[in-house]
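One structure is given below, encoded as structure tokens.
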Amino acid sequence: MEEIPKYEKANHYKSINITMKQKIAEKFRTLYQSEGDFFASAGRINLIGEHTDYNGGFVFPGAIDKGIIAEIKLNGTDKVHAFALDLDEYCEFGLNEEDAPSQSWARYIFGVCRETIKRGGKISGFNTVFAGDVPLGAGMSSSAALESTFAFALNYLFDLGIDKFELARIGQSTEHNYCGVNCGIMDQFASVFGKKGNLMRLDCRSMEFAYFPFNPEEHGYKLVLLNSCVKHELVGSPYNDRRASCERVAKVLGQEFLRGASMDQLEAIKDQISDEDYLRARYVIGEERRVLDVCDALEKGDYETVGARMYETHWGMSKDYEVSCEELDFLAEIAKDCGVTGSRIMGGGFGGCTINLVKKELYDAFITKAKAAFAEKYGHEPIVIPVVISDGARKLD
């Protein structure tokens, strides 16, 4: 599961806007008696393609209009002075390995500095204040937004000439080496490469990618997340267990990954694998096909097919991969009852959000019913998070 940095806890689900930038600037002047440059990066959604990354398959993310903003200025020393505005916390640290800070949020910035240095980037100290508005626990990858903001900024400020893929890998390596999260590349990739009005199909085996126009508003739709505010703690290692299932099936098929396997091939070895491994593989093989179907449908402006594949993904994750939960299944059922075009779990599962593709004329009725029905059954309303596909890491004017 994605680790949510501590600084998110004070967020109030505002969009990145002038108010946030003004507050950062005011604090920066107070702390450092100067002004710096502003940089930003985005959280992300993944329209379809869950649990495919470690199977060598495709993912289909996009950057969103919620993320991190940081003001940064070089300070001529070998120290980083950092202030997390949402937490009202300050941290100072050096740039050597032994200087790692204790605060979890600061380790993301420190890790980006260290991973940049490991790649030959010559950097020095800087002052920074940052804030974010990625909703807590929604699976929208605030950590990647933070890493990408600072990786992009250091590359720009020190004129390092690091390419975008390596900036994404700097964020991924930060998670692995300094934050204890063995994540894939999708989150950082989306935060770095995000492009307004476009989703990105990333081949997790070859790292090739392509942009696909995604403008649901122009086709009469809205994209909205419903955050169940639920996170189930499960005994054992459910993600590792599912990955192991996929690896076992791939081995029987004589492949490194499940990527490229067909349903016919899976059926041919069904008596050589466990029932559980069969179901896990069936979901992954189907999901690879669904990602490609969605890409084809978007090129034709066929949002009905996009929505149908989203529902198929949800129930595949629920029944075959078994990473859903009662609350998320309930939200998907409510969506179907309300005529929502597409709805599914977003992220690894066991809680978090559904992502919903809704016709504009049905939007208000859907939100009203979902909030009321969910509150009646579970005692609290889901949090409604409208999202717009936006740009990734960048320097702000």
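Plus 13 on top of the position in the sequence shown (first one is 1) and you've got my numbering. All residues carry an ideal CB built from backbone N, CA and C; glycine is no exception. Predicted model, so just to flag it, every value in this text is computed and none were measured.
Go ahead and label residue i buried or exposed: buried means 16 or more other beta carbons lie within 10 angstroms of its beta carbon, across all protein chains shown.
i    : result
M213 : buried
K373 : exposed
E346 : exposed
A388 : exposed
L409 : exposed
S241 : buried
P226 : exposed
S258 : buried
T326 : buried
Y103 : exposed
Go ahead and pull the three-state DSSP assignment for residue i.
i    : result
S117 : helix
K235 : strand
L344 : helix
N211 : strand
L409 : coil
M359 : strand
V147 : coil
G100 : Note that residue 100 corresponds to Leu in the displayed sequence, not to Gly. L100: coil per DSSP, three-state reduction.
F123 : helix
N496 : Examination of residue 496 is not possible in this model, given that the chain is present from 14 through 410 alone.
V336 : coil
C308 : helix
V319 : helix
K313 : coil
G364 : strand
R132 : coil
H393 : coil
N228 : coil
T326 : helix
Where DSSP assigns a beta bridge to residue i, which residues make up the other side?
i    : result
L87  : F139
P399 : V237
D10  : Because the chain is modelled from 14 through 410, residue 10 falls outside the range shown and cannot be assessed.
V371 : K235
V93  : F106, F139
K244 : G364
* To do: Could I get the ranges of all uninterrupted beta strand (DSSP E) runs contained in the stretch 55–88, with 3 residues as the minimum, in chain order?
  => 74–87
* To do: Please go through the stretch 149–225 and give each complete alpha helix (DSSP H) segment of 4 or more residues, from N-terminal end onward.
  => 155–170, 177–191, 199–206
* Tell me, please, whether the stretch 150–157 touches the stretch 353–366 by the rule of three or more beta-carbon pairs shorter than 8 Å. => yes
* Asked: Between the stretch 181–198 and the stretch 367–383, do at least 3 Cβ pairs fall closer than 8 Å?
  -> no
* To do: May I have a chain-ordered list of the alpha helix (DSSP H) segments no shorter than 4 residues that lie completely inside the stretch 260–304?
  => Taken in chain order, the complete alpha helix (DSSP H) segments of 4 residues or longer contained in the stretch 260–304 are 276–281.
* At least three beta-carbon pairs within less than 8 Å, the stretch 328–346 to the stretch 28–44 -> no
* Asked: Should the stretch 198–205 be called in touch with the stretch 112–128, which here means at least 3 C-beta pairs below 8 Å?
  -> no
* Evaluate the contact criterion for the stretch 90–104 versus the stretch 128–143: three or more CB pairs, one atom per stretch, below 8 Å. => yes
* Would the stretch 124–137 and the stretch 163–176 be scored as touching if the rule is three or more Cβ pairs under 8 Å? -> yes
* To do: Evaluate contact between the stretch 260–272 and the stretch 30–39, counting only Cβ atoms and requiring at least three cross-stretch pairs below 8 Å.
  => With the cut-off at 8 Å, the stretch 260–272 and the stretch 30–39 do not touch.
* Asked: Are there three or more Cβ pairs, one per stretch, closer than 8 Å when the stretch 56–68 is compared with the stretch 288–305?
  -> yes
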